[in-house]
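Working notes for the structure below.
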Amino acid sequence: MAGRMTRATLHANETNSRGASMAIDGRPPAHAGTYTSFLRWFTWGAVVCAALAALVIYLIAS
């Protein structure tokens, strides 16, 4: 039964088509969310939030 699609094969194909798993050569797809990209977004978000908070405090104090 070499041509029979098992549940595991279907799941693997479905996962690969969505790009949720590792690429063939072992690297994740370029659009995959990584810890580094999360840190970068989180850091810039914190910087923007702090800048806005400082601006609001400055405007209220003046």
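My numbering runs 57 ahead of the 1-based position in the sequence shown.
Virtual Cβ for every residue (Gly too), placed ideally from N, Cα, C.
Residue range of the alpha helix (DSSP H) that includes residue i
i	result
Ser-94	92-118
Cα-Cα separation, residue i to residue j
i	j	result
Ser-119	Ala-111	12 angstroms
Ala-103	Tyr-92	16 angstroms
Leu-116	Leu-109	11 angstroms
Trp-12	Ala-107	Since the first residue of the chain shown is 58 and the last is 119, residue 12 is not available in this structure.
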